[in-house]
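S.K.:
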Amino acid sequence: DVKVTQSSRYLVKRTGEKVFLECVQDMDHENMFWYRQDPGLGLRLIYFSYDVKMKEKGDIPEGYSVSREKKERFSLILESASTNQTSMYLCASSTGQGNYEQYFGPGTRLTVT
Amino acid sequence: GQNIDQPTEMTATEGAIVQINCTYQTSGFNGLFWYQQHAGEAPTFLSYNVLDGLEEKGRFSSFLSRSKGYSYLLLKELQMKDSASYLCAVIPGNTPLVFGKGTRLSVIA
Chain X
381 DVKVTQSSRY LVKRTGEKVF LECVQDMDHE NMFWYRQDPG LGLRLIYFSY DVKMKEKGDI
441 PEGYSVSREK KERFSLILES ASTNQTSMYL CASSTGQGNY EQYFGPGTRL TVT
Chain H
5 GQNIDQPTEM TATEGAIVQI NCTYQTSGFN GLFWYQQHAG EAPTFLSYNV LDGLEEKGRF
65 SSFLSRSKGY SYLLLKELQM KDSASYLCAV IPGNTPLVFG KGTRLSVIA
């Protein structure tokens, strides 16, 4: 079974802190994605990566950056957390190569106070 | 632009049948997914349609009409555990999935 893990289920940070959210997948997937999910807004794509050291902006990249130094790991970074970044963050991966199904991690509920 | 529409909420009775509709307007089309998401959990895969027609998988079926930009998810013999959000997602082309906002289904006794 594909397994996507995220470093924390719940996280509380203060405004202005630098926040790292880690995602690891164990199925050698090429593609990895970061979403945030808010009530009434659905899943919104922040950043994605189709290969190591490669990144592409999604629909809402402002205030975020990412890092993919190894194939299995995709990190989301909030350089200076703000209260409007309080949300559920979901990581996903897919094989690529014509297979578009995405496998999701359990999510990190981030609260910025 | 990409646009996916689905109802925000639906309520149905245990044992009944419910149909959740999804319409889309996207720059391209390489398939459509349905995901189920229970509250506080990650989305999980339900179905994938790339050709027109009905795909049946146990109590769940999914239908696609590419010419109409339309899909539905059909849930039969509803159970309380089917209470969840159902997400429609389209592959526009060589770009990531585009998700609808989800339909929250409540199953009542």
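The listed protein sequences correspond, in order, to chains X and H. Counting in the working numbering, the first sequence runs from 381 upward without gaps. Counting in the working numbering, the second sequence runs from 5 upward without gaps. Even for Gly, the Cβ is constructed at its ideal location relative to N, Cα and C.
What residues of chain H sit near X:P441, judged by a beta carbon separation below 8 angstroms?
M.R.: Position 61 of the first sequence, counted from the first residue, corresponds to residue 441 of chain X. Going along chain H, no residue has its Cβ under 8 angstroms from X:P441, so there is no contact; the nearest lies around 13 angstroms.
S.K.: Got a sec? Which residues, its chain only, sit under 8 angstroms from X:K398 by beta carbon, not counting five neighbours each side?
M.R.: By one-based count along the first sequence, residue 398 of chain X stands at place 18. Same-chain partners within the cutoff: I457, L458, E459, S460 and A461.
S.K.: Can you tell me whether H:Y90 sits near the ligand GDP, meaning its C-beta is under 7 angstroms from at least one heavy atom of the ligand?
M.R.: No copy of the ligand GDP occurs in the structure displayed, which carries no ligand at all.
S.K.: So with CB distances below 8 angstroms, who are the chain X contacts of H:A43?
M.R.: What you label residue 43 of chain H is simply residue 39 of the second sequence in a count that begins at 1. Correct list: empty, because the minimum Cβ distance to chain X is about 11 angstroms.
S.K.: Determine whether the Cβ of X:E481 lies closer than 8 angstroms to any Cβ atom of chain B.
M.R.: The structure shown has no chain B; the protein chains it does contain are X and H.
S.K.: Give the secondary structure of H:N34 by DSSP, where H, G and I count as helix, E and B as strand, and everything else as coil.
M.R.: If you number the second sequence from 1, residue 34 of chain H lands on position 30. Reduced to three states, the DSSP call for H:N34 is coil.
S.K.: Which partner residues does H:S71 have in the DSSP bridge list?
M.R.: As a working mapping, residue 71 of chain H is identified with position 67 in the second sequence. According to DSSP, which records beta bridges pairwise, H:S71 is partnered with nothing at all.
S.K.: Short check: CB of X:Y334 to CB of X:L490, under 8 angstroms?
M.R.: There is simply no residue 334 of chain X to check, as chain X begins at 381 and stops at 493 in what is shown.
S.K.: Would DSSP call H:Q41 helix, strand or coil?
M.R.: Looking up residue 41 of chain H in the second sequence gives position 37. Looking at H:Q41 - three-state DSSP - the assignment turns out to be strand.
S.K.: Just the Cα atoms here: how many angstroms apart are H:G32 and H:I8?
M.R.: Walking along the second sequence from the start, residue 32 of chain H turns up at place 28. Walking along the second sequence from the start, residue 8 of chain H turns up at place 4. Taking the straight line joining both Cα atoms gives about 13 angstroms.
S.K.: Closer than 7 angstroms by beta-carbon distance: list the chain X residues that pair up with H:T52, in chain order.
M.R.: The residue labelled residue 52 of chain H in the question sits at position 48 within the second sequence. The amino acid occupying residue 52 of chain H in the given sequence is Tyr; Thr does not appear at that position. Ordered by position in chain X, the residues that pass the 7 angstroms Cβ test against H:Y52 are E481.
S.K.: How many angstroms separate the CA atom of H:F103 from the CA atom of X:Q465?
M.R.: As a position in the second sequence, residue 103 of chain H is number 99, starting the count at 1. As a position in the first sequence, residue 465 of chain X is number 85, starting the count at 1. Computed Cα separation, rounded: 20 angstroms.
S.K.: With contact counted as at least three CB pairs below 8 angstroms, one residue from each stretch, are the segment 77-86 of chain H and the segment 21-32 of chain H in contact?
M.R.: The count of Cβ pairs closer than 8 angstroms, one atom from the segment 77-86 of chain H and one from the segment 21-32 of chain H, reaches three, so the stretches are in contact.
S.K.: Could you tell me which chain H residues have their CB closer than 9 angstroms to the CB of X:L470, listed as they occur along the chain?
M.R.: For the purposes of this step, residue 470 of chain X is identified with residue 90 of the first sequence, where counting begins at 1. The contacting residues are A46 and P47.
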